[in-house]
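Reading through the structure tokens given below for one structure.
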């Protein structure tokens, strides 16, 4: 139960004394497990041990995914297919949808988007906004791939479609550059999936680099550290929108925090929480008409199906976001193999 001491020992181990994504990522999983044990020992949800319930339900958002009849190889760059998927998500109850058409993803760091990249991004926003109207917010992701000038250029082109956020427009360690972008466009900046501990999130807020923080509890430092991040954000009048990358256990932890804090904006889900990711957990998380219902089961609210996980080992070598080694080609179409996967 000495979770605070466990964090301090981990943070200071090896004389690190600074945010370290690998160490804190490993720690986050252990920390979440400790909270789960504590909650189950007291027969209470984790949020009850953090100060209780602020929110009975949490607004959720999802990436747009191909429908059964879509050609997956074309989906990620097709405004028409993405708009059709958006309609399906709205009909399910979602009020926020995310997409990231501004490829390619390059191993060479921040770059200037080509005019074709800007054109596709604008067409995607226009097509989706046209079908959803004011029923849903648009969430525009970039995975930190642009230079400062390039991000401003693209952001200004997207302004007429009023996205709720412009996610990580430059590499996440370029905080001063992100602040410059935030002051140059009319779209709120979101960041945080690749940051860890309150120290890094504090710097983002201090420099005015983002007004929406997206900690992923599987790497941000776990539940208690992220509650501290949320408190710092609250003082700075900023929102929290937990990011989901590390699977259903992280999702369950995200929800425990979201139920507890006052400045929650929304939380990420993978569609409605089904599929293989949903199969990996018992005591299912309840998703209803665009919202996640506050869980009542003790601990983080789930049981993990270890047998199913061990029987379905991932043996491939492909990431869900493919990187191209070549510099961006401003004459020919860039390669693009993007999109999130279940």
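Numbering (my numbering), first residue to last: 1 to 342.
Where a beta carbon is used, it is the ideal one built from N, C-alpha and C, also for glycine.
The secondary-structure analysis by DSSP pairs residue 97 across a beta bridge with 62, 138. Residue 299 carries a strand assignment under DSSP once its states are collapsed to helix, strand and coil.
DSSP, reduced to helix, strand and coil, places residue 261 outside both helices and strands of the structure shown, so it counts as coil. Within 10 angstroms of the beta-carbon of residue 176 lie fewer than 16 other beta-carbons, which makes it exposed.
Sequence-distant partners of residue 186 (beyond 5 residues in either direction) whose C-beta falls short of 6 Å from its own C-beta, in its chain, are 159. Its chain contains 110, 111, 112, 113 as the residues whose beta carbon lies nearer than 8 Å to that of residue 150, once the 5 sequence neighbours on both sides are disregarded; these appear in chain order.
A residue is called buried when at least 16 other Cβ atoms come within 10 angstroms of its Cβ; residue 276 does not meet this threshold and is exposed. For residue 291, the enclosing beta strand (DSSP E) begins and ends at 291-293.
If one requires a minimum length of 3 residues, the beta strand (DSSP E) runs lying completely within the segment 118-197 are 137-141, 165-167, 189-191, in chain order. Scanning 260, 309, 128, 18 for the CA closest to the CA of residue 140 turns up 128. The criterion of a C-beta distance shorter than 8 Å is not satisfied by residue 39 and residue 286. Burial state of residue 15 is exposed, judged by a 10 Å Cβ sphere holding fewer than 16 other Cβ atoms. Apart from the 5 residues on each side of it in sequence, residue 135 sits with its Cβ closer than 8 Å to the Cβ of 90, 95 in its chain, given in chain order. Here residue 35 carries a helix assignment [DSSP, helix/strand/coil]. Membership of residue 5 in the alpha helix (DSSP H) is indicated by the continuous run 3-12.
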